[in-house]
Amino acid sequence: MWDEDLNATAVTERGEPLRIGPAVSRSPQHLLALAASSCLMTTLLTLAAEAGIPVQGYVSSARLRETAGAPPEIALAPCVVVESDVDRRRIERLWPQAIERSPTLRLLGGHLHVEPAVRVVSVA
1 MWDEDLNATA
11 VTERGEPLRI
21 GPAVSRSPQH
31 LLALAASSCL
41 MTTLLTLAAE
51 AGIPVQGYVS
61 SARLRETAGA
71 PPEIALAPCV
81 VVESDVDRRR
91 IERLWPQAIE
101 RSPTLRLLGG
111 HLHVEPAVRV
121 VSVA
């Protein structure tokens with residue numbers, strides 16, 4: 001339900017309230033960016049697990065880019081942390097698959113820009 005200040009309360013599948021709007025700094029377009037980022041993370045981590053690649057960490061930045069005269073775009077900058085250069089190369093080969101298989105990313109099509117990174121941190 002929306003109010004006159006463009007704030008809303010939605011209900012999740014579990015019946016939990018989800019506030020959207022200026023009052024909570026959560027706009028629908030920001031939720032879409034979050035959905036894209038989360039979907040890519042889930043897809044990549046699933047592919048890595050299936051390939052037997054141990055992932056030590058995952059962080060991501062998701063931003064909405066709005067430029068006058070151009071369609072809006074979601075920019076994702078995910079970063080995976082692995083233990084070795086071998087795992088880094090294997091993850092780098094998985095990025096295109098993860099982007100292609102992520103349902104939310106496929107829906108966004110040309111309105112999406114992904115800049116993935118992989119970092120190696122040796123665990124001693």
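Residue numbers 1 to 124, in the working numbering, belong to the letters of the sequence shown in order. Where is the CB? At the ideal position from N, CA and C, for every residue including glycine. Small disclaimer: the values here were computed from a predicted structure and weren't measured.
Contacts around residue i, its chain only, beta-carbon distance under 7 Å, and the 5 residues preceding and following it disregarded
i: Ala35; result: Thr104
Secondary structure of residue i, DSSP reduced to three states
i: Leu44; result: helix
i: Val86; result: helix
i: Thr104; result: helix
i: Ser25; result: coil
i: Ile20; result: strand
i: Arg14; result: coil
Beta-carbon proximity check, residue i vs residue j, cutoff 8 Å
i: Ser60; j: Pro78; result: yes
i: Ala98; j: Thr43; result: yes
Per DSSP, the bridge partner or partners of residue i
i: His113; result: Ala75
Nonlocal neighbours in the same chain, by C-beta distance under 6 Å from residue i, ignoring five residues either side
i: Gln29; result: Leu64
i: Ala75; result: Arg63, Arg65, His113
Kindly confirm or deny that the region 74-89 and the region 10-22 touch, where touching means at least three C-beta pairs closer than 8 Å.
By the C-beta criterion, the region 74-89 is judged not to be in contact with the region 10-22, since fewer than 3 inter-stretch pairs fall below 8 Å.
Spell out a yes or no on whether the region 45-54 and the region 86-95 are touching, meaning 3 or more CB-CB pairs, one atom from each, closer than 8 Å.
In this structure the region 45-54 lies against the region 86-95, because at least three pairs of beta carbons, one per stretch, are closer than 8 Å.
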